[in-house]
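For reference, the structure discussed in these notes is given below.
In our numbering, the protein residues as written are 8 to 449.
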């Protein structure tokens with residue numbers, strides 16, 4: 008049954024509409040998880056640490072996709088809510104074409120700066136060469152990766168979330184199969200993992216591109232469109248929170264790795280890599296709810312349907328809080344078995360990873376509200392507030408915590424830093440939600 012943005016959303020219908028986006032985000036996060044599993048278990052700790060060390064830099068270059076995806080889909084959905092369907096297609100097309108151009112430029116720049124960046128992060132010797140090798144292969148598919156991130160949001164705006172899920176599942180399954188083949192069977196190590204990810208990202212970016220180029224049954228398609236600086240700036244401003252969130256997370260990950268190299272060496276970086284892989288999957292659920300519900304919020308905001316806007320905010324909050332409690336309990340229960348999957352071959356590393364996991368899992372109690380709050384204001388086309396929440400949550404609070412906490416708690420202070428940042432961010436998010444409810448009538 009097709010659900011349209013203009014409908015009234017019950018709890019069941021809201022979950023049904025956002026579920027494809029949740030699964031899409033989970034599958035996208037699985038890319039790195041599968042790479043990490045096979046590299047750690049079949050190529051060794053050094054190559055595993057190399058992937059974790061360089062990955063934040065690679066993610067920084069791909070943030071443009073999140074920015075134009077979330078900011079652009081909110082703008083497109085609002086435009087459709089105003090009844091301007093053809094204008095919405097022009098905005099959509101312009102953003103896709105701009106992303107392709109920027110993706111090519113970022114790929115070239117990333118390859119040129121890969122070695123000095125890896126060295127600055129602390130890689131040397133064999134680890135440095137692995138960082139460069141893995142990064143160069145991944146960057147060849149950067150444009151497709153940017154498009155994949157962007158289309159995840161635009162499929163929802165086009166009222167085709169199930170189709171977006173189908174494409175993401177194809178790419179995700181391809182990544183798993185190729186990782187098993189290249190790394191476990193062919194023994195290509197870090198090269199095999201990079202090739203598997205690059206091929207799967209290419210599928211995830213190119214297949215939607217082909218779909219939207221042709222006449223289709225969705226609300227959007229790619230058409231001729233001239234570049235309008237105003238549109239790009241609005242999408243940039245509105246999506247800056249998501250770009251800031253991903254950019255900040257990558258920068259902070261670099262800082263975490265530097266602190267961990269200082270307190271625990273290669274083992275610390277490997278343990279942090281496991282935490283990031285698992286956290287990506289758990290947090291992907293919150294991100295998926297935000298991505299899936301944002302076009303609905305934008306549509307009803309554009310249509311000035313305040314009753315439905317209030318209903319959506321209330322129902323989404325209940326869903327987020329329910330998932331938060333369930334995910335915290337699940338993380339505590341699965342700390343040991345999940346750690347064993349990645350680093351069960353090393354007793355000391357396993358103990359460190361399991362302890363870190365139990366500390367970090369407290370973040371799930373608070374992260375959902377912060378992620379949804381940022382996405383909600385993006386959907387309302389208030390990029391400034393959304394960006395401020397993300398900026399404080401993912402950069403300011405985390406940097407302060409990871410620099411201060413280890414002074415008193417050493418290694419445990421690193422693991423607790425992310426929890427402290429999420430707690431502080433909850434207060435900021437709640438202040439904005441209460442303070443602006445009169446303006447947006449939610």
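No residue lacks a Cβ here, since even glycine has one placed at the ideal position from N, Cα and C.
A quick note: this is a predicted structure, and the numbers were derived from the prediction, not measured.
How would you call residue 315, buried or exposed, if buried means at least 16 neighbouring beta carbons within 10 angstroms? The residue given as residue 315 occupies position 308 in the chain shown. With at least 16 other beta carbons inside 10 angstroms of its own, residue 315 counts as buried.
Closest to residue 129 by CA distance: which of 89, 57, 344 is it? What you label residue 129 is simply residue 122 of the chain shown in a count that begins at 1. Considering only alpha carbons, the answer is 57.
Mind checking which residues open and close the alpha helix (DSSP H) that includes residue 101? Start at 1 with the first residue of the chain shown, and residue 101 comes out as number 94. 92 to 127 is the extent of the alpha helix (DSSP H) around residue 101.
In whole angstroms, give me the CA-to-CA distance for residue 246 and residue 301. What you label residue 246 is simply residue 239 of the chain shown in a count that begins at 1. What you label residue 301 is simply residue 294 of the chain shown in a count that begins at 1. Distance between the alpha carbons of residue 246 and residue 301 is about 12 Å.
Taking contact to mean 3 or more Cβ pairs, one atom from each stretch, closer than 8 Å, check whether the segment 37 to 53 and the segment 107 to 127 are in contact. Remark: fewer than three beta-carbon pairs, one from each stretch, lie closer than 8 Å, so the segment 37 to 53 and the segment 107 to 127 are not flagged as touching.
Alpha carbon of residue 231 to alpha carbon of residue 96, nearest angstrom: Taking the first residue of the chain shown as 1, we reach residue 231 at position 224. Taking the first residue of the chain shown as 1, we reach residue 96 at position 89. Rounded to the nearest angstrom, the two C-alpha atoms are 9 Å apart.
Helix, strand or coil for residue 312, going by three-state DSSP, please let me know. As a first step, residue 312 must be located in the chain shown, where it is residue number 305. DSSP places residue 312 in coil when its eight states are reduced to three.
Using 8 Å for Cβ pairs, my map puts residue 409 next to residue 263. What's the rounded Cβ distance? As a working note, residue 409 is residue 402 in the chain shown. As a working note, residue 263 is residue 256 in the chain shown. So it is a contact: roughly 6 Å between Cβ atoms.
Euclidean distance between Cα positions of residue 205 and residue 68: Numbered from 1 along the chain shown, position 198 holds the residue referred to as residue 205. Numbered from 1 along the chain shown, position 61 holds the residue referred to as residue 68. Between residue 205 and residue 68, the C-alpha separation is close to 14 Å.
Within 8 Å, do at least three Cβ pairs link the segment 366 to 374 to the segment 213 to 227? Contact between the segment 213 to 227 and the segment 366 to 374 is absent: fewer than three C-beta pairs spanning the two stretches fall below 8 Å.
Going by beta-carbon coordinates alone, are residue 70 and residue 111 separated by less than 9 Å? Numbered from 1 along the chain shown, position 63 holds the residue referred to as residue 70. Numbered from 1 along the chain shown, position 104 holds the residue referred to as residue 111. Going by C-beta atoms, residue 70 is not nearer than 9 Å to residue 111.
Per-residue DSSP class, three states only, for residue 168: Here residue 168 is taken as the residue at index 161 of the chain shown, counted from 1. Reduced to three states, the DSSP call for residue 168 is helix.
For residue 446, count neighbouring Cβ atoms within 10 angstroms of its own Cβ and tell me buried if that reaches 16, exposed if not. Position 439 of the chain shown, counted from the start, is the residue given in the question as residue 446. Under this definition residue 446 is an exposed residue.
Collapsed DSSP secondary structure at residue 264 in the structure displayed: Along the chain shown, read from residue 1 onward, the residue named residue 264 stands at position 257. When secondary structure is reduced to three states using DSSP, residue 264 falls in the helix class.
Checking 9 Å against the spacing of the C-beta atoms, do residue 430 and residue 420 come in under that value? Start at 1 with the first residue of the chain shown, and residue 430 comes out as number 423. Start at 1 with the first residue of the chain shown, and residue 420 comes out as number 413. In this structure, residue 420 does not lie closer than 9 Å to residue 430 by Cβ.
Given a threshold of 16 other Cβ atoms within 10 Å of its Cβ, counted over all protein chains shown, does residue 175 qualify as buried or as exposed? For this step, residue 175 is matched to residue 168 along the chain shown. Looking at its Cβ environment, which holds 16 or more other Cβ atoms inside 10 Å, residue 175 is buried.
Whose CA, out of 433, 319, 422, lies closest to the CA of residue 360? As a first step, residue 360 must be located in the chain shown, where it is residue number 353. When 433, 319, 422 are compared, the shortest CA-CA separation from residue 360 is found for 422.
Near residue 339, what residues of its chain come up, given a Cβ to Cβ distance below 7 Å and the 5 sequence neighbours on each side ignored? Taking the first residue of the chain shown as position 1, residue 339 is located at position 332. Answer for residue 339: 365, 368, listed in chain order.
At least 3 beta-carbon pairs within less than 8 Å: the segment 348 to 357 vs the segment 391 to 405: Contact between the segment 348 to 357 and the segment 391 to 405 is absent: fewer than 3 CB-CB pairs across the two stretches fall below 8 Å.
Would you kindly work out how many angstroms separate the C-alpha atoms of residue 83 and residue 233, rounded to a whole number? The sequence position of residue 83 within the chain shown is 76, counting from 1. The sequence position of residue 233 within the chain shown is 226, counting from 1. Rounded to the nearest angstrom, the two C-alpha atoms are 16 Å apart.
If I follow the unbroken alpha helix (DSSP H) through residue 385, where does it start and stop? For the purposes of this step, residue 385 is taken as residue 378 along the chain shown, with counting starting at 1. Residues 371 to 386.
State the Cα-Cα distance for the pair residue 387 and residue 342, rounded to the nearest angstrom. The residue given as residue 387 occupies position 380 in the chain shown. The residue given as residue 342 occupies position 335 in the chain shown. So the two alpha carbons sit approximately 37 Å from each other.
Length-filtered (3 minimum) beta strand (DSSP E) runs lying within the segment 28 to 92: Runs of beta strand (DSSP E) with 3 or more residues, each lying fully within the segment 28 to 92, are absent.
Using CA coordinates, which residue listed in 428, 417, 448, 380 is at the minimum distance from residue 439? Counting from 1 along the chain shown, the entry for residue 439 is found at position 432. The alpha carbon of residue 439 has as its nearest neighbour, out of 428, 417, 448, 380, the alpha carbon of 380.
Consult DSSP for residue 361 and reduce its assignment to one of helix, strand or coil. For the purposes of this step, residue 361 is taken as residue 354 along the chain shown, with counting starting at 1. It is helical.
Enumerate in chain order the residues of its own chain whose CB-to-CB distance from residue 36 is below 7 Å, with the five nearest sequence positions on each side excluded. Counting from 1 along the chain shown, the entry for residue 36 is found at position 29. Cβ within range, chain order: 287, 288, 291.
So, under 8 Å CB-CB, residue 60 and residue 138 are touching, yes? Tell me the CB distance rounded to an integer number of Å. Here residue 60 refers to the residue found at position 53 of the chain shown. Here residue 138 refers to the residue found at position 131 of the chain shown. For a cut-off of 8 Å, the C-beta gap from residue 60 to residue 138 is around 6 Å, short enough to register as a contact.
Which of the three DSSP states, helix, strand or coil, is assigned to residue 346? Position 339 of the chain shown, counting from 1, holds the residue named residue 346. Annotated three-state conformation of residue 346 is helix, per DSSP.
Within the chosen definition, does the segment 190 to 209 reach the segment 139 to 158 through at least 3 CB pairs nearer than 8 Å? Contact between the segment 190 to 209 and the segment 139 to 158 is present, because at least three Cβ pairs lie under 8 Å.
Between residue 78 and residue 297, which are expected to be in contact by the criterion C-beta below 8 Å, what is the C-beta distance as a whole number of angstroms? Translated into the one-based positions of the chain shown, residue 78 becomes position 71. Translated into the one-based positions of the chain shown, residue 297 becomes position 290. Not really, about 13 Å apart at Cβ, beyond 8 Å.
So, is residue 25 buried or exposed, given that buried needs 16 or more other C-beta atoms within 10 angstroms? Position 18 of the chain shown, counting from 1, holds the residue named residue 25. The residue is buried, with at least 16 neighbouring Cβ atoms inside 10 Å.
For chain D, is any of its Cβ atoms less than 9 Å away from the one on residue 177? Protein chains in the displayed structure number just one, and chain D is not present.
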